[in-house]
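K.L.:
So the sequence shown is residues 1 to 110, counted in UniProt numbering.
Just so it is clear, CB atoms sit at the ideal spot from N, CA and C, and this is done for glycine as well.
Handing you a structure now.
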Amino acid sequence: MASTVDFVSYATEQMGQAGVVSFKKMFGEYAIYCSQTLVALVCDNRLFVKPTQGGGSPTEAPPYPGAKPSFLIENQIDDAPWLSELIRITARELTPAKKKTRGKTKGHSK
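Listed below in structure tokens is the structure:
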């Protein structure tokens with residue numbers, strides 16, 4: 001079952017105090033970014049936050065078969081201050097995705 005944009009919008013509103021939060025549809029599900037850092041996935045209308053040391057120890061579960069376990073956020077999704085703090089910590093501890101650069105064309109000397 002694919003996630004709904006209503007659920008993703010609600011989740012991102014709840015974590016809005018963490019910074020600039022956005023989402024992107026990917027493969028029928030959604031990736032959530034905070035300050036351009038991938039911090040969470042929404043799969044089957046369930047929120048999975050990337051695990052970090054500072055994030056504590058919420059319940060872990062894989063977002064899809066074969067994936068590494070992530071923090072599964074269930075009831076706490078309604079606690080906006082708590083969720084925002086978790087997302088803020090997660091974004092701070094993860095490295096932002098590097099932008100791809102085009103390779104330089106090597107010139108030939110004669």
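In the DSSP assignment, the beta strand (DSSP E) including residue 113 goes from what residue to what residue?
P.N.:
Since the first residue shown for the chain is 1 and the last is 110, residue 113 is missing from the structure and cannot be characterised.
K.L.:
Here's the rule: buried if 16 or more other CB atoms are within 10 angstroms of the residue's CB, otherwise exposed. What is Met15?
P.N.:
Buried.
K.L.:
Roughly how many angstroms separate the alpha carbons of Pro81 and Arg88, rounded to a whole number?
P.N.:
Cα to Cα, Pro81 sits roughly 10 Å from Arg88.
K.L.:
Sort Ser3, Tyr30, Leu41 and Pro63 by Cα distance to Thr90 and report the nearest one.
P.N.:
It is Leu41.
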